[in-house]
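Q:
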DNA sequence: TTGTAAGCGTTATCAT
DNA sequence: ATGATAACGCTTACAA
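Chains as they are written, first to last, in my numbering: chain A, 1 to 337; chain B, 1001 to 1337.
1) Among all the DSSP beta bridges, which residues are the ones paired with residue 1161 of chain B?
2) Would a C-beta distance cut-off of 7 Å place residue 278 of chain A and residue 291 of chain A closer than the cut-off?
3) Are the CB atoms of residue 9 of chain A and residue 20 of chain A nearer to each other than 7 Å?
4) Whole alpha helix (DSSP H) runs in the region 1243-1313 of chain B with 4 or more residues, listed along the chain?
5) Tell me the rounded alpha-carbon separation between residue 1166 of chain B and residue 1083 of chain B.
6) Taking Cβ to Cβ, would you say residue 332 of chain A is nearer than 7 Å to residue 289 of chain A?
7) Is residue 1135 of chain B near residue 1303 of chain B, with beta carbons less than 7 Å apart?
8) Kindly indicate the opening and closing residues of the beta strand (DSSP E) around residue 1120 of chain B.
9) Work out the CA separation of residue 1164 of chain B and residue 1315 of chain B for me, nearest whole Å.
10) Could you name the residues of the region 43-60 of chain A whose beta carbon sits closer than 7 Å to any beta carbon of chain B, in the order they occur along the chain?
11) Over what stretch of residues does the alpha helix (DSSP H) that includes residue 1195 of chain B continue unbroken?
12) Quick check: the Cα distance between residue 1246 of chain B and residue 1228 of chain B, rounded to an integer number of angstroms?
13) Going by C-alpha to C-alpha distance, which of A/248, A/215, A/232 sits closest to residue 201 of chain A?
14) So residue 975 of chain B packs on residue 56 of chain A, CB below 8 Å; how close in whole Å?
15) At 3 residues or longer, what runs of the beta strand (DSSP E) sit wholly inside the region 1076-1139 of chain B?
16) Counting only Cβ pairs nearer than 9 Å, list the residues of chain B close to residue 72 of chain A.
17) Can you tell me whether DSSP reads residue 1065 of chain B as helix, strand or coil?
18) Can you tell me which residues form a DSSP beta bridge with residue 328 of chain A?
19) Excluding the 5 residues preceding and the 5 following residue 329 of chain A in the sequence, name in chain order all residues of the same chain whose CB lies nearer than 8 Å to its CB.
20) Closest to residue 325 of chain A by C-alpha separation, out of A/282, A/64, A/112, A/169, would be which residue?
21) Whole angstroms is fine: what's the gap from residue 1047 of chain B's alpha carbon to residue 100 of chain A's?
22) Which value, in whole angstroms, describes the spacing of the CA atoms of residue 1231 of chain B and residue 1223 of chain B?
23) Only counting the same chain, and skipping five residues up and downstream in sequence, which positions put a Cβ closer than 8 Å to that of residue 1216 of chain B?
24) Output needed in chain order: residues of the region 1092-1107 of chain B with a Cβ under 8 Å from some Cβ in chain A.
25) Answer with yes or no whether the minimum CB distance from residue 275 of chain A to chain B is below 7 Å.
26) Relative to the alpha-carbon of residue 282 of chain A, which residue among A/256, A/5, A/111 has its alpha-carbon at the smallest distance?
27) List the whole-angstrom C-beta distance separating residue 1015 of chain B from residue 1007 of chain B, where the pair is believed to meet the contact cut-off of C-beta under 8 Å.
28) With a threshold of 6 Å on Cβ separation, who are the neighbours of residue 320 of chain A within its own chain once the five nearest residues in sequence on each side are excluded?
29) Determine the contact status of residue 243 of chain A and residue 78 of chain A, defining contact as a CB-CB distance below 7 Å.
30) Can you list, in chain order, the residues of its chain with a C-beta nearer than 8 Å to that of residue 1128 of chain B? Leave out the 5 residues immediately preceding and following it.
31) For residue 1299 of chain B, return the contacting residues in chain A, with the cut-off set at a CB-CB distance below 8 Å.
32) With 16 other CB atoms within 10 Å as the buried threshold, where does residue 91 of chain A fall?
33) Select from A/287, A/59, A/71 the residue whose C-alpha is nearest the C-alpha of residue 1266 of chain B.
34) Along the chain, where does the alpha helix (DSSP H) containing residue 1032 of chain B start, and where does it finish?
35) What residues of chain A sit near residue 1037 of chain B, judged by a beta carbon separation below 7 Å?
36) Give the straight-line distance between the Cα atoms of residue 218 of chain A and residue 1043 of chain B, rounded to the nearest whole angstrom.
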């Protein structure tokens, strides 16, 4: 049995298709009686609008996309989830696109998304500068875009990020106050806001107390498990080992913890540890890890909301939203011996 | 500048739109010369087919959906990722739908997906029996469906699951051989294949050695962190505490580990632990956790492949695929004191 | 093999 | 306020 169309509804209700469309979309005023008849006909026929036809006509769909570098990273998943909730409530579904931090895949996804005519894209770009190219292309095609966690420089889009600087400073201050003077930093890539800003926060916390920033204590990584592992091992091999570690990405902390275990060091007896981002397992670790928690879910939710606003035609100048972080004190830190 | 359509291409190439469509879709044979001219015109105009128009015409899209109970659970994410890779390669994009184990949300998503006319759905249903209702409805509308991790009873769909029974037996056998006699089981819901089969595997491993299955050592959970926490605490409070724990879901192991830590027990000195499913952090835990590893990524990949086969019209009777598990021996088990 | 033309089900313009 | 009708861009009978 073929499903009913506007034409069937119109016939059944004794009105024109235009009227049917009007009551369905509820934009303009329609006479109460006709409206009733249309609604009755819709119910009687079990009419459901054909989205595909509408999509063609409107040249746009009810789907949003989240383009993230790593779907294995719970941070992004959590943000995606927040985004999904808001999207679903607004009647949108969410396409999940994993770039693996590969600019080619990112470009290719933007291509597909524009073909697919998604209504909007939430993107954590593989490159804060080059990312602007596909973003601008999308914007040109009328696709709304919001940046998440990382900025997109050179494209007029809203951005929602954590207060990385504040978070870094918060965590490191805590270590400093505990008495640590040699604090290792497992940093992220400096070309992205999160890595750079957290490092800056780390440095600020040191400066706040008049402590020197020592280059050898800062190891850059790509926020992947393997590189955090290597970076941590390098730090632990230093002649004068750090007494505390600030790991600036919760996901890659897995690598750091592996290295610590491998070196036979115990937390917090031999070394104190703080991770940035409070993942599910951090509180279950042995010992439970002190963490700088981000509002990951909220990050995604707000990104969705900003996106939906743009889709609805909001024309304000781009804004940048910063979400606060907080320190979850658990058992992985203590004063140095 | 509006983008080119088949009409523009046809004009440019001096052929009809039908011919353009034919070379674009490459179904029927088209004269070499015309084909060349069309391709040249496509290139010259930078023509890109309008998916929305095609969707309407074909009444179907290039998108697949994955409907999972919990997007926070890395197991599902990993499977989704495997699915995405296969889908992307085949030119499909992947919609991610999170049901939160709520049958209402599941129904509602199936509704949306059918409105959206996705080509296929990979589903881990919230109910192995009731799930059949929306699934059959989707099938009726020509949407292909494949079951993942959990079955769908009463609907003719392919299913891809881990060898849960074998995995449970494998892990528990290892514990038994180490000399454990009181092995606690943090079980899953019995109404789903994974929970039930892993429990059966646990029981079989005991029976293999002529050991009795003691009900008090088996605690059912819903595979969520909180309930695993409570179940574990209950087990640890038993008069005669188990000397080992088989935690039948990696994600909820977080709860179990919290409980163990809270009770002041040490792994493996006070209690041995095996988890089912080898997540990123299990190998970084202190101590590294022995785990029964599933081929999670492969699970999703195969689901996608089966789905694509169905979409392409494969008409074989439904098949059930089982993926093997393996034991990753690390440092969380030792003989009982 | 190629071309013509009829839809697919909407929305929106333009009369009325 | 309502109705007739023309798009939207594509695929595919059907005809040649």
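All C-beta atoms in this analysis are idealised placements derived from N, C-alpha and C, irrespective of residue type, glycine included.
A: The structure says:
1) By 1-based counting over the second chain, the position of residue 1161 of chain B is 161. According to DSSP, which records beta bridges pairwise, residue 1161 of chain B is partnered with B/1322.
2) Counting from 1 along the first chain, the entry for residue 278 of chain A is found at position 278. Counting from 1 along the first chain, the entry for residue 291 of chain A is found at position 291. Against a cut-off of 7 Å, the Cβ pair of residue 291 of chain A and residue 278 of chain A comes out as a contact.
3) Taking the first chain and counting its residues from 1, one reaches residue 9 of chain A at position 9. Taking the first chain and counting its residues from 1, one reaches residue 20 of chain A at position 20. Their beta carbons are under 7 Å apart, which means residue 9 of chain A touches residue 20 of chain A by this criterion.
4) 1253-1262, 1296-1311
5) As a position in the second chain, residue 1166 of chain B is number 166, starting the count at 1. As a position in the second chain, residue 1083 of chain B is number 83, starting the count at 1. C-alpha separation (whole angstroms): 24 Å.
6) Numbered from 1 along the first chain, position 332 holds the residue referred to as residue 332 of chain A. Numbered from 1 along the first chain, position 289 holds the residue referred to as residue 289 of chain A. A contact, by the Cβ cut-off of 7 Å.
7) Numbered from its first residue, the second chain carries residue 1135 of chain B at position 135. Numbered from its first residue, the second chain carries residue 1303 of chain B at position 303. No, the Cβ-Cβ distance between residue 1135 of chain B and residue 1303 of chain B is not below 7 Å.
8) In the second chain, residue 1120 of chain B corresponds to position 120, counting from 1. Note, residue 1120 of chain B: beta strand (DSSP E), 1120-1123.
9) Residue mapping note: residue 1315 of chain B aligns to position 315 of the second chain, counting from 1. Residue mapping note: residue 1164 of chain B aligns to position 164 of the second chain, counting from 1. Cα to Cα, the separation comes out at about 28 Å.
10) 48, 51, 52, 53, 55, 56, 59
11) Along the second chain, one-based indexing puts residue 1195 of chain B at 195. Looking at the DSSP string, the run of the alpha helix (DSSP H) that includes residue 1195 of chain B is 1193-1208.
12) Stepping through the second chain from its first residue, residue 1246 of chain B is reached at position 246. Stepping through the second chain from its first residue, residue 1228 of chain B is reached at position 228. Computed Cα separation, rounded: 11 Å.
13) The residue given as residue 201 of chain A occupies position 201 in the first chain. Selected option, being the one with the closest Cα: A/248.
14) For residue 975 of chain B there is no data in the structure shown, the boundaries of chain B being 1001 and 1337.
15) 1093-1098, 1120-1123
16) As a first step, residue 72 of chain A is located in the first chain; it is residue number 72 there, counting from the start. Going along chain B in sequence order, the residues near residue 72 of chain A (Cβ under 9 Å) are 1074, 1077, 1078, 1081, 1280.
17) To locate residue 1065 of chain B, count along the second chain from 1; it is residue 65. Strand.
18) Indexing the first chain from 1 puts residue 328 of chain A at position 328. Partner(s): A/291.
19) The sequence position of residue 329 of chain A within the first chain is 329, counting from 1. Hits under 8 Å: 174, 290.
20) Translated into the one-based positions of the first chain, residue 325 of chain A becomes position 325. Minimum Cα distance to residue 325 of chain A is reached at A/169.
21) For the purposes of this step, residue 1047 of chain B is taken as residue 47 along the second chain, with counting starting at 1. For the purposes of this step, residue 100 of chain A is taken as residue 100 along the first chain, with counting starting at 1. Whole-angstrom Cα-Cα distance: 29 Å.
22) Working through the second chain from its first residue, we reach residue 1231 of chain B at position 231. Working through the second chain from its first residue, we reach residue 1223 of chain B at position 223. Going by the C-alpha atoms only, they are around 11 Å apart.
23) Counted from its first residue, the second chain places residue 1216 of chain B at position 216. Excluding residues within five positions, the ones whose Cβ falls inside 8 Å are 1238.
24) 1093, 1094, 1095, 1096, 1097, 1098
25) The residue you call residue 275 of chain A lines up with position 275 of the first chain. For residue 275 of chain A, the answer is no, since every Cβ of chain B falls outside 7 Å of its Cβ.
26) Here residue 282 of chain A is taken as the residue at index 282 of the first chain, counted from 1. Residue 282 of chain A has its Cα closest to that of A/256, out of A/256, A/5, A/111.
27) Walking along the second chain from the start, residue 1015 of chain B turns up at place 15. Walking along the second chain from the start, residue 1007 of chain B turns up at place 7. Incorrect: roughly 11 Å between the Cβ atoms, too far for contact.
28) On the first chain, position 320 is the one that residue 320 of chain A refers to. Result list for residue 320 of chain A: 159, in chain order.
29) By 1-based counting over the first chain, the position of residue 243 of chain A is 243. By 1-based counting over the first chain, the position of residue 78 of chain A is 78. No.
30) By 1-based counting over the second chain, the position of residue 1128 of chain B is 128. Only 1150, 1151, 1152, 1153, 1191, 1192, 1193 meet the Cβ criterion.
31) Taking the first residue of the second chain as 1, we reach residue 1299 of chain B at position 299. In chain order: nothing, as chain A lies at least about 15 Å away.
32) On the first chain, residue 91 of chain A is found 91 positions in, with the first residue counted as 1. Residue 91 of chain A comes out exposed.
33) Along the second chain, read from residue 1 onward, the residue named residue 1266 of chain B stands at position 266. The shortest C-alpha separation from residue 1266 of chain B is found at A/287.
34) Stepping through the second chain from its first residue, residue 1032 of chain B is reached at position 32. First-last of the alpha helix (DSSP H) with residue 1032 of chain B: 1032-1045.
35) Taking the first residue of the second chain as 1, we reach residue 1037 of chain B at position 37. Those do not exist, as residue 1037 of chain B stays about 24 Å from chain A at its closest Cβ, beyond 7 Å.
36) Locating residue 218 of chain A in the first chain gives position 218, where the first residue counts as 1. Locating residue 1043 of chain B in the second chain gives position 43, where the first residue counts as 1. Rounded to the nearest angstrom, the two C-alpha atoms are 50 Å apart.
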